[in-house]
Each structure stands twice: as C-alpha cells, then as structure tokens.
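Trainee: All letters in the sequence shown, in the order written, are residues 101 to 638 by the working numbering.
Sending over a structure as structure tokens; questions will come in a sec.
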Amino acid sequence: MRAIIIVFLCFGILADVKAQQLRDITLIQSYGDDFASISHSDYGILFAGGYGGTGVVVGGDTLYPSNGLGDMLIGLMNESLTDILWIRSIGGYNNPTELEHCAVAAVSDDGFYVSGRFGGPFSIDTHQAIARGGEDAFFAKFDYSGNCLWLKSAGGVMDDSGGPAVLTADNKILWMVYGENSGTIDTINVSKGGYLVTMDVDGNVLTVKDQFTSAVEFYSMVMQGTSIYCSGQTQNDTAAFGPIEWVGSNPQDIVLAKCDLSGNPIWGKRLVSGRSGSSGGQLRVDPTGSIFVTGNYRDSLIADGNSIQYFTGSNFRDVFIACFDSNGVNQWLRNGASNYARGFGLTMETDSTFYIIGGFTDTLTFGTHQLFSPGYDCLFLSRFTRSGDCIGVLPFSGGFGNTIAIDISGFPIVSGIFYDSIQVQGITSSSWGQGDAFIGRMDKITGIANEARMDGNGLVIYANPNDGSFRIRVPASLSTLKGARLTVYDSKGSLVEQFIFDSHAEAPIVRLHNAMPGQYVLRLEQDGRVFSGRLIVK
C-alpha cells in the first residue's frame, strides 16, 4: 500500500507546463508592447489595456489608434469568449516615449469606469480632458455599448497615474490618483503625492483629500462596510500615509493600509524587504474582514514576525501571498520558493477560497504542489484556502498572467502577455512585437489531482518515506553529482537545509538534521540544470 501511495504523490504534485489548460483564447497583437486586464460584468467580460505601434489586431479585427502612436483599447466580450461584442480605441496625441494604459476600475448596473494615464491632448467622443504636461491621469465612465458618458483628468507638469476606484453604497465614487508633482483635479490644486478624489455618479468632483499619501502609490483598493483597504508600493525610503510615516532603507517596499471613506487613515504598515523593488499587487477582503494580498518581494520579507526568504538570496524576485486580519495583523505568509516569480492578480470565490495569477521561471512550489518551467516565462494560476493551504496549481507555458475574473459557471477567465509564440489547443501563434496580450479561459482548480508529470526533472529518492536519512541517485543526464547543490524546503516553501556534494558518489547519503515528520521538496542544481522531487519524513 505504501508504494501505491508514493506513486500517486509523485504524479499528483509535479505539473507539466505543456499541459493544455488554456482555451477559448483571443489575441491582442501589434508591433509593440500589448497588455490587457479583464473584469466580469452582467453584460459579459470587459477588457481594457494598451498597445504599441500604429495599429492592433484583436481577435482577427484591425483596430487603429484614435490618436498618437500606440493607444489604449476597451471592449466587451460575451461570457463564452466566442465573440467580441464591441471594441474601441481611445488615447491622446502621445509621443512614442509615452506609454498610455488603462484598466477597468469599477463596474455598476448602468456602466463601467476606466482609470489610466494619457499623453498629449485627449478626448473621448465629445468629452475633452485637460492636458497638463507629461502624462496625466484620467477617469471615465462608459455605458455597455462603449459610449463615453463623462471624462475627468488630473495631474501636473510631470507624469501622473490614475489608480484604483471603488463605488460606495450612497452612490459616490472614490478614485485614487498619484502625481509626480503638484497639479490640479478640476479647479482644485493638489500637492505632489497621492490624493483621494470623491465624485458623484455624474463625475462631479465633491472633495479631494490632498496629501492622502506621500511617496506611496496604491495599485489595488477594495471597500468593505465603511472602510477602504489598499495595497501598493512606496516610492521613496521616506514615505507616509496621511500622518503615518515610514522611514526604511529601501525606496520601494510593500505597503498595506486601511482608511475610512473620507480618506482618514485607520492603520498602515510597510512590509520591509531585503532589497528595494518589492510591490503589493491585488488584494481582496472576505466577509469576515480578512485581507488577502499577493505581489512580489526581493531577497526576504517580514510581516509581524512571520518571514519568508528567497532561496539563494540573489537579486531576483519571488511571489508572496499573505493574509492579514482587519486590524492589519499578519496571520500567515507564503512564497513560491522560485528562482523568479511574480504575483499580480487575485480574486475571491464565494466559498472564501481565492485564486492568484502570475508568472515564474524555473520552478514554483506552493505547499505540496510544484511546477517546472522549460526555462522561460510561464503563467501560473493557483487556488488557496483562507488558511493559506494551496488547493492546486495550473501552469501554461510561454507567458505570464496579469488579471483574473470568475465567469458565471465558476471558470477562471485570465489575461496575460506572451513572448515569441504561444500554443493553444494545437494552434501556434507568433508574437508580432515585444509582447502580445491574450484573454482566455482556464480549468477550474478543484484539488483533485489532474496534472501530468514532466519527464526528465524528477529526482530518484530512496527510501521514501524515511526518518530523515535517504539517498538520491544521479539523474541520467548528469555524469556526476560533484559540485551539485541540494536544497530542502518544507511544505510552506521555507528553506530547511542545503547541501553541496563534494564527491563523485553515484547515490550519496543525505541526512536531515532535526527534521519533523511531514512532506519536503528537494531541489538539485548543477550547471544550470534543475531537478526536483518530493520527500516524506515519517
């Protein structure tokens, strides 16, 4: 019976990135960089993004810029992703060095809201935005036929960004903006930094919370009750959220914050990493007030005594997933134990499980689930319980994931970017520019093992299970283990122990010190080759 259990474990936890988990795909292709985000509505799947060059082909139809070189696009697809109901180009008269972009920020019964940044003079239909210099922030409302109902802009003489937005129960819109210099929103003067704009549903500006942040840019925002929760990134080693000030050694660290609907801070925390460049991605809040957030960190990350560390300490990134209570106290912290991984999108299911999407190279490990990459960017989609246990992971080779939404049947709809080429359901498509975007549907993650083993990357470990003492055999593609490094991780992806082999032994003995019973991931590296396996300690 023990041998049968081991066989099923081996085949259930190793996933082949070549497995066809993506389908119903629509490509967004131009001779420049393309990207798209998605959002679910009662009318179908909304998408918004940007493209480079002088035109873009979306689902086989050519779309030309409304202005400038490279532009933004918005559109609506049916629920089955078989038809684009409408699509349009929007944008300003930007120059080639300015990258315009936008995203669907909020959805309501009578329309949807788009936030982003534009360059140069900018108009949508009959609505004109005020161009202040550099790139400016904008916020617009559209009906579900794609008609612009109103348009607002904000910013100063430098580059500014339109951030996330939420709709309140009393029909107010809260929109975050980050300005690189002092500027205006409508006729209201604002300082450099972040500010919170309150508007009515017709786009009239009611209030502006100036100095909402100093050197902090928020990328995600959700509302629960009378509170707003935010995640983002500091832009300087000295930063502030209202009166809450942070001084750190890194210009760019992860920030989480909570405020009331008027923008008055309740709490804020800066999660310090070992190196600058870490960032918080999307966050969501469940009905109990628990906060779930993903993103990426460099070297190490500490939150209220819980810590994770990149496995070699090199100057690379790893994905993190974390849970905080409504007071901002960290409940748990996970990573991907990856050579290079990033988390971008996160969405909650009705049962309080949640999906995250991102990209990785080399390997990725969540709990007992491990993925292998052929050596280039791969998309991952993972589902977690609210206690931080990974239910399962789906991979897709050749790109990385950006955003995720759940359709009415519970299937994940994803957007991402691919380079060189992408193969879906036996059809190979080549990238036209630096990177092309895609929208597609992926399988549900149920926790039932349906993944295939990737041949050639598995370690031979015996005895297994064991008491912490075992042998590994030289993989067929290696002539010797001398100089190879063996790294051991626990089921949460934390480093346990590391060994360097200094002999030519074909099957060296490895002894773990003080290993507790449980499952462990083994990673063998030599001359750029990576082999992995699963170990069970009794």
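Don't be surprised by glycine CBs; every beta carbon is placed ideally from N, CA and C.
Taking only three categories from DSSP, how would you classify MET258?
Mentor: Here MET258 sits in coil by DSSP.
Trainee: Under three-state DSSP, which class holds TYR589?
Mentor: In the structure shown, TYR589 sits in a strand (DSSP, three-state: E or B).
Trainee: Please report the Cβ distance between ASP386 and SER452, rounded to the nearest whole angstrom; I am assuming they are in contact, meaning their Cβ atoms lie under 8 Å.
Mentor: 5 Å between Cβ atoms; contact.
Trainee: Put ALA605 into one of helix, strand or coil per three-state DSSP.
Mentor: Coil.
Trainee: Nearest by alpha-carbon distance to SER569: which of LEU581, MET616, VAL372 is it?
Mentor: Closest by alpha carbon: MET616.
Trainee: Only counting the same chain, and skipping five residues up and downstream in sequence, which positions put a Cβ closer than 7 Å to that of ILE548?
Mentor: A caution first: ILE548 carries a pLDDT of 48, below 50, which makes its placement in the model unreliable, though a value can still be read off. Nothing meets the Cβ criterion.
Trainee: Which whole-angstrom value describes the C-beta separation of LEU401 and SER438, a residue pair presumed to lie in contact below a C-beta threshold of 8 Å?
Mentor: Not a contact, Cβ separation roughly 14 Å.
Trainee: Let me confirm a value: GLU609 is counted as buried when at least 16 other C-beta atoms fall within 10 Å, else exposed. Which label applies?
Mentor: This sequence places Ile at residue 609; Glu is not what is there. Exposed.
Trainee: Can you tell me which of the three DSSP states GLY615 falls into?
Mentor: The residue asked about is misnamed: residue 615 is Ala in this sequence, not Gly. Correct three-state label for ALA615: coil.
Trainee: How is ASP161 classed by DSSP in three states: helix, strand or coil?
Mentor: Note: ASP161 maps to strand in three-state DSSP.
Trainee: Just curious, the beta strand (DSSP E) that ASN364 is in, first and last residue?
Mentor: Where ASN364 is concerned, there is no enclosing beta strand (DSSP E), given that its DSSP letter is neither H nor E.
Trainee: Just to confirm my understanding: we take PHE511, look at its own chain, exclude 5 residues before and 5 after, and list those with CB closer than 8 Å. What are they?
Mentor: So the list reads ARG541, MET542, ASP543, LYS544, once near-sequence residues are dropped.
Trainee: Pairing CB atoms from the segment 240-260 with CB atoms from the segment 317-336, are three or more of them under 8 Å?
Mentor: Segments in contact, no.
Trainee: Pull up the CB-CB distance for ILE366 and SER327, whole angstroms please, since I reckon it's below 8 Å.
Mentor: About 7 Å separates the two Cβ atoms, so the contact holds.
Trainee: Classify TRP432 as helix, strand or coil using the three-state DSSP reduction.
Mentor: Three-state DSSP puts TRP432 in a strand.
Trainee: If contact is defined by three or more beta carbon pairs under 8 Å, each pair taking one atom from either stretch, is the segment 466-474 in contact with the segment 138-155?
Mentor: Too few Cβ pairs lie closer than 8 Å, so no.
Trainee: When you compare the CB positions of GLY262 and ARG232, do they come within less than 7 Å of one another, or not?
Mentor: Going by C-beta atoms, GLY262 is not nearer than 7 Å to ARG232.
Trainee: Check for me: the beta strand (DSSP E) holding ASP124 runs from which residue to which?
Mentor: That run of the beta strand (DSSP E) goes 122-130.
Trainee: Here's a check: name, in chain order, each residue in its chain whose Cβ is nearer than 6 Å to the Cβ of TRP275, leaving out the five neighbours to either side.
Mentor: Only PHE239, ALA265, VAL297 meet the Cβ criterion.
Trainee: Residues bridged to ILE456 by DSSP?
Mentor: Its beta-bridge partners are LEU446, SER482.
Trainee: Quick one: Cα of ARG370 to Cα of PRO575, how far?
Mentor: Rounded to whole angstroms, ARG370 to PRO575 spans 44 Å at the Cα level.
Trainee: Per DSSP, ALA184 is paired with what?
Mentor: Reading off the sequence, residue 184 comes out as Ile, not Ala. Paired residues: MET177.
Trainee: Can you find at least 3 beta carbon pairs, one from the segment 621-629 and one from the segment 585-600, that sit closer than 8 Å?
Mentor: Yes, since at least three Cβ pairs between the segment 621-629 and the segment 585-600 fall closer than 8 Å, the two stretches touch.
Trainee: State the Cα-Cα distance for the pair THR447 and GLY458, rounded to the nearest angstrom.
Mentor: Their Cα atoms are separated by approximately 12 Å.
Trainee: On a Cα-Cα basis, can you pick out the residue from PHE147, VAL301, THR394 that is closest to SER208?
Mentor: Out of PHE147, VAL301, THR394, VAL301 has the C-alpha closest to the C-alpha of SER208.
Trainee: Enumerate in chain order the residues of its own chain whose CB-to-CB distance from GLY633 is below 7 Å, with the five nearest sequence positions on each side excluded.
Mentor: So the qualifying residues of the chain are GLY558, LEU559, ILE561, LEU622.
Trainee: What would DSSP say about ALA552, mapped onto helix, strand or coil?
Mentor: Unreliable positioning characterises ALA552 in this predicted model, as indicated by a pLDDT of 30, which lies under 50. The coordinate reading is nonetheless provided below. Coil, per DSSP.
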